[in-house]
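Below is one structure, written out as structure tokens; comments come after it.
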Amino acid sequence: MDMNAISATLVEGCRAGTAHENLTKLYAVDAISVEASDNGQGREAQGIDAIKGKHDWWDATFEFVKGDISDPMPNGDDRFAVIFDITVKHKESGEVSDMKEVALYTVGDGKIVREEFFYTS
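FYI, in numbering that gives the first Met the number 0 the residues of the sequence shown are 0 to 120.
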């Protein structure tokens, strides 16, 4: 799969709420995920199982309320960015908050090999 197909599939899955189902299809087994800050789980997750764990934690902790997910913004043939501008509800506290982050994805050998998230903490 080329970068344009990967980026389109990723954004489509995020918009449809099926991002978790796309992980095995889109990510390399040894992919790395890097957060902007350490929220108690470390900044870096290595491997598809760790990235799936991050998604599981997110889904268990937050409910998507509304938001906008940009179209992919390519940079060359191996990187693309996506802007997430969303409102979420913390499931335990009921607190609703707005989030905006930029995600930068790096593609190699037909899979996402690295993702980096930029946001204010």
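Every residue, glycine too, gets a C-beta built ideally from N, C-alpha and C.
Any contact of the stretch 28-48 with the stretch 105-116, i.e. 3+ C-beta pairs under 8 Å?
-> With a cut-off of 8 Å, the stretch 105-116 and the stretch 28-48 count as touching, because enough Cβ pairs lie within range.
Assuming E131 and F83 form a contact by the criterion Cβ under 8 Å, report the distance between their Cβ atoms to the nearest whole angstrom.
-> Past the edges of the chain, shown from 0 to 120, lies residue 131, and the structure says nothing about it.
Element boundaries [beta strand (DSSP E), containing M72] | M72 to N74
Go through its chain and collect everything with a Cβ distance to S6's Cβ below 6 Å, but skip five positions before and after it.
-> P71 and F79
V64 burial status per 10 Å Cβ neighbour count (16 or more: buried) = exposed
Alpha carbon to alpha carbon, what distance is there between E114 and S92?
-> Rounded to whole angstroms, S92 to E114 spans 29 Å at the Cα level.
Can you say whether Y104 is buried or exposed, counting buried as having 16 or more other CB atoms within 10 angstroms of its CB?
-> buried
Near Y132, what residues of its chain come up, given a Cβ to Cβ distance below 6 Å and the 5 sequence neighbours on each side ignored?
-> With the chain covering 0 to 120 only, the question about residue 132 has no answer from this structure.
Just tell me which of T17, V33, K24 and F61 has its CA closest to the CA of M98.
-> F61
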